[in-house]
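Asker: The sequence shown lines up with residues 32 to 159 when you count with my numbering.
Using N, Cα and C, we set each Cβ at its ideal position, and we do this for glycine too.
Have a look at this one before I ask anything.
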Amino acid sequence: MANLVQAMTYDVWDGDDDAEAGRLVPLYILVNGRTSPRNTDLDLATQVIALPVDKSRLEPEYQRIVERCDRWMSIAELGAYLHRPLGITKVMVDVLLEQGFLGIGAPAQQSIPDRAVLETVLAALERL
């Protein structure tokens, strides 16, 4: 029985994800205990991009998000790259949006549609 107690003493569960091992600050602390984003329009397909601002005052977890968003990226992609739960990723993105570190939108919003290309596509579709 003493061996079982001794074995249990050293058997500490530190999460179900190896990426979380060694974490000094629990994620719920980083999001101030928030369980959902304040921006109710955010979903997993929402595209975000880093804005050109100084991110040196951010916690390392937030810095990684901003660094990863050097190009348009969906919240779902971001969570996958960072090995974070999607709910936490969404809240962290919301925090960064509120503080002006990320922009929200879609890459398509940055380009002006070419009418000739659209007419060519329409004509091809009509031929089908």
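(1) With DSSP collapsed to three states, give me the class of residue 94.
(2) Could you tell me if residue 85 is buried or exposed, where buried requires 16 or more neighbouring beta carbons within 10 angstroms of its beta carbon?
(3) Let me know the secondary structure DSSP gives residue 131 once reduced to three states.
(4) Could you give the residue range of the beta strand (DSSP E) that holds residue 76?
(5) Three Cβ pairs or more, each shorter than 8 Å: is that satisfied between the segment 71–91 and the segment 105–112?
Answerer: In brief:
(1) Correct three-state label for residue 94: helix.
(2) exposed
(3) coil
(4) First-last for residue 76: undefined, no H or E at that position.
(5) Cβ pair count under 8 Å is three or more, so yes.
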